[in-house]
Each structure stands twice: as C-alpha cells, then as structure tokens.
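Heads up: the sequence shown begins at 32 in our numbering, then just goes up one per residue.
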Amino acid sequence: MVRAAAGRRLTWLGVVLDAKSNETGEPVITTPESPVTAYIVPAREDLTMAAQARRLLE
Numbered sequence: 032m033v034r035a036a037a038g039r040r041l042t043w044l045g046v047v048l049d050a051k052s053n054e055t056g057e058p059v060i061t062t063p064e065s066p067v068t069a070y071i072v073p074a075r076e077d078l079t080m081a082a083q084a085r086r087l088l089e
C-alpha cells in the first residue's frame, strides 16, 4: 500500500503506523503509542482531474 510505504519513510518524524488500522481504512492509522497521529483524509483526485479535463475540452 502507498500509505504503508509512506509511513515507513516517516518514522524519523515519530510516525508509528498501525498495520491493521491502515489496512482496514480506519480514520487514524497510527498506534496509540505513536507520538505523531496520522489520519486518513479521503480524497477523490480522480474526480477533480476529470472535471478539470472536461473544462479544458469544452
């Protein structure tokens, strides 16, 4: 997963990912002991890109 790979690269910031929370899509994907809390922010970039492309083509 992309989040897991990114999380591994952020350990120097104190991010400690909870693998199960990350896999199941929980809102918080860090362990309770993690000094930094990481949240999932749902985004639909594909819809934004499609809307922008449509505007350009009109």
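In this text, a Cβ means the ideal position worked out from N, Cα and C, and glycines have one as well. Note that the structure is a prediction, hence the values are computed from the model and not measured.
Determine the burial state of residue i: buried for a count of at least 16 other Cβ atoms within 10 Å of its Cβ, exposed for fewer.
| i | result |
| --- | --- |
| Leu-48 | buried |
| Ile-60 | buried |
Confirm, please, whether the CB-CB distance from residue j to residue i is below 7 angstroms.
| i | j | result |
| --- | --- | --- |
| Asn-53 | Ala-37 | no |
| Val-46 | Ala-74 | no |
| Pro-58 | Ile-71 | yes |
What are the boundary residues of the alpha helix (DSSP H) that includes residue i?
| i | result |
| --- | --- |
| Val-47 | Per DSSP, Val-47 belongs to no alpha helix (DSSP H) and is neither H nor E. |
>> What ranges does the beta strand (DSSP E) occupy inside the region 53–80, keeping only unbroken runs of at least 3 residues that lie completely in it?
In response: none
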